[in-house]
Structures are given as structure tokens and as C-alpha cells.
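Going by the numbering used here, 12 is the number at position 15 of the sequence shown; the sequence numbering is gapless.
Reading through the C-alpha cells given below for one structure.
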Amino acid sequence: MNSSVYRWAVSLSVVLLAACGGGSVSDDEMSAEPTVVEDSVASTAEAAGDLQAVETDAPVVEDTVPPQLQVEALATERAMSVTSAAAPEEAMSVSAADTAHVVRADFEGSYSRTAPGWTVSAWGGTQYETARETRPTFFRSGASSQRFKVTQRAAGTSADAQLVRPYPFSYGQTYHVTAYLRADIAASVELMLRRDAAPFNVAGSKTVALTSGWTKVEFEGTYRWNEPGSLRVISKRLGANVYIDDVTVTAIPSSGTSDATAIVLPAKGAASTTVTPVATSDFEGSYALTAPGWKVNYWGLPIATYDSSRETRAGFVYAGASSQRFRMLSKGSGDAQLVYPYAFKKGRTYRTSVYVRSDRSASVELMVRRDAHPWDAAGAKTVAVGSTWQKIEIQGTYLGDVLGTVRVISKTPGANIWVDNLSISEVKYNEMAPYSTATAPDTLFGVHVNKLGVHHNWPTLGQGIVRMWNTGTNWRDLEKANNVWDWTSGNGYRMDMYVNYITRNGGQILYTMGQTPQWASSNPSSNGMYGPGANMHPANLNDWRDYVRTIARRYAGKIKFYELWNEPDFSGTYQGSMEKMVEMARIASEEIKAADPTAKLVSPGVGVDQGYSFMDRFFQLGGGQYVDYVGWHFYYNSDPEALGSQIQNAREVMRNHGLQDKQLWNTEGSYICDRTKHNCSTWDSSYVQKRGVNARALMMMWGKGISNFNYYFWERQTEATGSRMVEADWKTPTTAGLAYAEAIKWIKGARLVDSFQINNKVYVFRVNRGSENYVIAWSISQNTKVVVPSEWGVSKVRTLAGQESGISGGMVTLGQEPVMLKQ
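Take a look at the structure:
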């Protein structure tokens, strides 16, 4: 992962600064990278390998005043009280009879402003009123209800006041919320269950239109964070009195699976696909600045500027009577983007299209993304637009639990962009259907060996390929001065040692190029993670050509696979231009093919946060024509099934550029601690996780057609998790190592003929190898009983520990460790 540690440290420092009042950060997505990380620190960061990026995201700004006069508010909320004379509130007690209710509020008692346990969170100078209400018909039961009214909020900002009930909700628990609401005038009110820590994730919400009659509001949500949260009442209409009564929040008990309710597995998976429209915007109406539902999100210091308006001129409307005109005037230090918020659902796949044109040659990106950390895209495509209308279409799976947006992003300052006929459709299909039924390639089973010299042991995982990265063999290690190569000592000798070690043991090599020597860098003083100047393209591309030619000729026939660069979507490892990266791809392809026509070039290996946008731009500029395979870095935690959506989103970027037939390689990844759930400095995964998570990840990658996965890295010893594959003697496999080796045995030489999942819980892979037919299955919940179809003809269960037992009564109990069901 290398760059994630650096990203995490950088972003955390910015977040802490803002939280302490030490800065005025309001960027939509902060990308400031501070001081240099020295080589010794970079080595430690690579070894840690599982720190995740932390970012803050600014809220969308309404464009109700001229944009040049607007200043975006900080995302951090600051709770405020209307008056210091308010009486202290008491925590609500729950009687023994109400233990199912984690929150129960009947709003009775002698309070004057807010009921016991409730408070108001207000920021940005928002003014509000609260009071106990006792007038007849203004309470639903008992003798009183809670009255809440927002009386003033600053226009064009995220300022607000919300009635809140804090509660320490439990991680993984599902809650059912019920409340009764009414208003004195027609008003829209949102009831929300959310996490009260950045990025303020929403576990569930519901918005209703209120009148003078009582309305029952119900919804459910699963809380997936360790920090406390709150139930929130959010009034959308200024000046409306909202009345709340009889609120309950109930923890829904989880139910086990008995024999009588065992899941009956189908003999085979489905293959049908349906496309259902869920939202459209035709840009009609009488608006002045932005069409109904659309906003402009802009940020930066200096702040970005833009203008927008309704367009009705002939030729500038694709259909109907009007379209949306949008012009980004200047980016400042941020950007201005036309956005359409939509409540995308986690795990669902969406197809989004829009028609665009411009008054000049311009570049426009269409993106769907989560509007919270890590702001990952569920589809992105950049196109060149001109004076004729063209359709942009993207597809991807949404990964967040929070609100997302469709974004139209102008890359050309000053260009007028016209937008019309937005369509969002949900795509449903068997997401687990095999990408390919061909035999699993040997390149799928890869690993990193980073401590050669400390030991000379060959891993016993069953790997067929080794990626050389963080092995002291990159460009700046090998050519420390112009045209000075030393193969008899130092890093040159180490390069030979690695190549000979891998080939001697029958393995193939993926060699990752890059990290510019300071003498060759276009900016020798840039803060590269691997040293000054390392993260820039070379000043003279002939130096790059000489480097690639030297390596390719020296190791022709020995190194069969080359990777262009490591994680260039992170500024710590690459801050040069995209155009130069494409040129380096062209040169690398020329030199590698000249030395060995059978050798293959893999694109830059990018991450899953900013990697989608990076690769989209790389392909748009023609980089795809110079690479044989496409590289990505997919890490995973104790929920490795999420890899499926990440891989699918990467494939959509490839499909957008006609590259869907190229192999997709996961050149770097491993099991890492999820910092949103655990204290990773002390957390140790269970034995079930150590045995099962890596195997499940490998199965998911196989099912999604990944042609290469290089586990990072074999000798890792710094974490007490299932990422450790070998003990400190560099010989003895760990529990995770033994289970991973067994999983590779199940896949090697086999074909995946069918795969599917049931109830978002049970995963089934039907496998063929010659005359053998067997099934690999697991459940994300322990002790899940399933009925095995008689058509499979299986009679035994084999575990990742190599133990076998018989199947009794056609029923098997599945858990988080995959098992083989065999004849």
C-alpha cells in the first residue's frame, strides 16, 4: 500500500488542525501534502501497510447569492445553545419493561425548552426556538409534546439547527425508529439516525411532508461505527413550528438460523439483468440559476468562481424547452462542480447518463461519488465536448451508506457547458456470476518477498509470481548518477539477486518501475515519499528510455511483466503531469517489446480512492493503447466481499474507454485492519478471520476475473492480524499462511463454472477441474445452516485446515471460513 500511510498522516494533521480552530480548511477534498517523508520512514510506512486515508468533505453550497460572494462553511459542527439560562437537561432513564427500546421519549415532564435527554445542535449563527407544548391537539398522547422551530439561518451556507437525542449506539446493531410529527404550516422534515463524528455517516433517515395532522414516521438503519451517534429532527422549512411526540428507537434482535429455517441453496445461479429508471432531471421549469434538485459545490482559498443559468435558445436545448448552462470561471485552489444529490443505496449498481455540449472545445467529466470519506467514485468518465450534443454514460456500484451526488465537472475554465436530460437507473443482475469460465491463470497467485538477504526462503503459499516493489530495486536505487550502473555491489547486485532467486525457484517476475532519481527529476526538490524528486517525471524522457532499455535488455527472458509506476494517484509517489505519464508508457512499451516481444507492460497500479479518476484521465489521453494489462491495488478488511464492487467499478472505467477486454491485475493488496471498527494498534483478528478472510478475498478476485494478485507482503510482522503469513523464523507458516495455501490449491488449475450469493449472506462457487466437480461456499455469518442441492452430488466437507468429514442429511453449517463440498 505504501502511500496510504503517508496519506493518512497528512490528512489527519489537517483534520486535527481544523478541529482545533487552527486553520480555515474548507476544501471539498483536501489534497495538501506537507513535509517530505524520508526513505527510512517510507520503509516503515510500507511495512505498516494498513493505515487508511482520512479526509474531510465540505458541504454543498446553495447558489442563492452571486457565487463570487459566497464562502463555504467548515464541515465541522459546533453545538450551540440559544441561551445560557436554559436549565440543565437530565439523561432519560429506561425502565426494565422498556429494555427493547434504547430510546423512548414521550416528552412529558416539567421542562421548559427541551425534553430530558434532548438538545439542539446549531452552527453558523442559526437561530431557533424550543418549548414544551401543552395546547390540546398539539400533543399526540399524555399532556405535552416538544415544539421546535428554526427562525433564521444564513443563506448560501451549511448553517442549521437540529433537534438531537444523543445515544451510544452499538456497532453492527440494526435499529427501528418510530416518531409522530406534525407542523403548523406545510413543512418538510427529516428524521435521521447518524454518527456524530466525521464524516458524520447516516445509518438511516426518512423525509416526510407534514401538515396539521399527526404523521407517523418509521425507518430502520444499521449502525456501523464505534463512535456515539444521535437521532436528529431536521426542519427544512424556516419559520415552521414542528411538534414531536412518542419517539422510540428499538434495537432489532438478530435471529439465528434453525434447522427449520435453513437456507435452501439453488443448484445454480441466475444470469438475468434488469435496468430500472429511478431518477430523471429534464432541466425544465422556471428556475434562474440551477434547475430543481441541482446545486453548485465549490470550494478553495482563493475560492472557485462560476456562473449558471437556465438556457432556452434553439440549439442549446437537447429536448424540451430548456437546459442548464454552467460555466466554471476559475478553480482557485479548489473547484466548482454542478451536482445532483441522490440517495444511492449501498451495494446497488447504477447507470447514469446525461447529454452535454459546449461553446468551445472543452473537457467534461461525469462522476457518481459518495459525499463522505473516502469520496470514492461509483463511476467516472471524461470526454472531449464541442458544439454538438453528446451522451455521457457511466455505470458503477455504490459503496457508501451516505448520500451521494452525480457531478458534472468542467475541466476547461471559461467554457460554457450545457447539460440536459439526466437519467439514473438501477441495474440488477447476478453480481457474482463468473467473469470468466477459463482455467485460473498461474499469475493469479502472487506475493511480495521484501526481506531477501535476511533470509533466502521461498514462500510455501503456492505462488507463481513475485512482484518486485520496495525491494531496493527501483530506478533511483539502480542508477544513482546519470549512466552509472553498478551490478557487482549495492542495489545493482541486489537486483540480480532477486531475479536469480525468483527464476531459480520457478517463479515469474512483475517488476515495478519508477521513482525518479534526483539527478533526473523535473523537480529535484519535490517532496517525494521515496526521496527528493522521486515523485516527478524525468526532466528528459531520454533518461527514462535509457533506464527502461537497460533493465529490459539485461533481464530479457527473465522478467516477463513490467508495471509502469506504483500508485501515481498519490502525490507522494507521483506529482508529475499525466501527459508525461502517458509518454513514459509509450516509451516503456517500445523498449520492453524491442528487448522481448513476449514481455507485457501493466499500467500504473492505482488505489481505490483517487485511482478511478486518475485511470480515467490516463486512458483519455491514450495511455491504454500502450499497456497490455491494467493494474489496480485492492486491499481488503474483514469484509472482503466488498472487493466485488471495487473491481466492478474499475472495470467500468476500462469499459468507458473500450479497454474491457484487457486483463485486470491486482498488483498489490492484503488483509488490513479496518480503522473505523477497531483500534488497530491493539486489535488482533480471530482465528476464524485469520483462516478465512484471505481465502474469501482470493475467491472474490477469482470470481471477478482478476488475473494477478500479489499479496503484500509475505514477511509482514508488524500487525497482529491475519496479514501475517510466516513466523519470525521466515520458515514456519502462520495459521493464515496455511489456510491461504490451501485456498490456492482449491483454485489452481480449476475453472469457475458458476457462482452466486443468497440473501447477501451465503456465497457459492461451483468449480470444475478435469473430472472433479466441487463447490466452495461460505457465509458472512457464523453457524448458517444450508440445505445442499442433491444435483451437486457432494458427500464430504473439506476445511481450510485440510480436514474432511461427511455431510449428514443434506445439510451443512457454513461460517466465515470457506469450505469445499466434494464428492
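All C-beta atoms, glycine included, are put in the ideal place defined by N, C-alpha and C.
Collapsed DSSP secondary structure at residue i in the structure displayed
i: L475; result: helix
i: W562; result: coil
i: R713; result: coil
i: V785; result: coil
i: R721; result: coil
i: F826; result: This structure cannot settle anything about residue 826, because the visible part of the chain is limited to -2 through 820.
i: Q607; result: coil
i: N418; result: strand
i: R822; result: What is shown of the chain runs -2 to 820, which leaves residue 822 out entirely.
i: A553; result: coil
i: G19; result: Here G19 scores only 29 on pLDDT, less than 50, and its place in the model should not be relied on; the value that follows carries that caveat. If DSSP states are grouped into helix, strand and coil, G19 belongs with coil.
i: D304; result: strand
i: G347; result: It is worth fixing the name first, because residue 347 is Tyr in this sequence and not Gly. Correct three-state label for Y347: strand.
i: Y544; result: helix
i: T440; result: helix
i: W516; result: helix
i: N757; result: coil
i: N676; result: coil
i: N539; result: helix
i: Y352; result: strand
i: G315; result: For the record, residue 315 in the displayed sequence is Tyr; it is not Gly. Of the three classes helix, strand and coil, the one that applies to Y315 here is coil, per DSSP.
i: Q387; result: strand
i: N413; result: strand
i: E428; result: coil
i: F706; result: strand
i: G569; result: coil
i: A865; result: The chain is shown only over -2 to 820; residue 865 falls outside these bounds and no answer can be derived.
Identified DSSP bridge partners for residue i
i: W455; result: Looking at the DSSP assignment, W455 forms no beta bridge with any residue, so it has no partner.
i: W466; result: Answer is none; W466 lacks a bridge partner.
i: A381; result: S360
i: P815; result: DSSP, once it has assigned bridges, lists no residue as partnering P815.
i: L749; result: V764
i: P338; result: T402
i: T127; result: F145
i: D332; result: W296
i: V791; result: Note: V791 sits in no beta bridge, so no partner.
i: Y508; result: M465 and Y559
i: P274; result: S422
i: V809; result: V783
For residue i, the first and last residue of its enclosing beta strand (DSSP E)
i: D279; result: Careful: D279 lies outside any beta strand (DSSP E) and carries neither H nor E.
i: S142; result: S142 to Q149
i: G700; result: Run containing G700: none in the beta strand (DSSP E); it sits in the alpha helix (DSSP H), Y684 to G700.
i: L598; result: K597 to V599
i: W662; result: Q660 to G666
N-terminal and C-terminal residue of the alpha helix (DSSP H) that residue i is part of
i: T732; result: T732 to I744
i: Y495; result: G487 to R501
i: S586; result: M575 to A592
Own chain partners of residue i with C-beta closer than 7 Å, once the 5 adjacent residues on each side are dropped
i: W484; result: Y490 and D493
i: I182; result: A237
i: P535; result: T513, A517, S518, S519 and W541
i: G106; result: A112 and P113
i: Y284; result: R307
i: A156; result: A70, W120, G121, G122, T123 and R150
i: Y495; result: L449, M465, T468 and T470
i: N532; result: S523, G525, M526, S568, G569, T570, Y571 and Q572
i: D566; result: V603, G604, Q607, G608 and F611
i: T131; result: A140 and S141
i: D749; result: Checking the sequence shown, residue 749 turns out to be Leu, not Asp. Here the set comprises P431, T434, W699, G700, F762 and V764.
Residues of its chain near residue i, where Cβ-Cβ distance is below 8 Å and the 5 sequence neighbours each way are ignored
i: M808; result: D256, A259, K782, V783, V784 and V785
i: A738; result: T457, L458, G459 and P730
i: T595; result: K557
Cβ neighbours of residue i in the same chain (closer than 6 Å, five flanking residues each side left out)
i: K213; result: Y177
i: G282; result: P289
i: Q643; result: V605 and F631
Cutoff 8 Å: residue i Cβ touching any chain D Cβ
i: V761; result: Although the question refers to chain D, the structure presented lacks it and comprises just one protein chain.
Please give me, in chain order, every unbroken run of the beta strand (DSSP E) with length at least 3 that falls completely inside the region 155 to 182. 157 to 164 and 171 to 180
List, from N- to C-terminal side, the alpha helix (DSSP H) runs of 4 residues or more that fit wholly inside the region 609 to 653. 640 to 653
Starting from the N-terminal side, write out each stretch of the beta strand (DSSP E) that is 3 residues or longer and does not extend beyond the region 176 to 264. 184 to 192, 199 to 207, 212 to 219, 226 to 232 and 239 to 248
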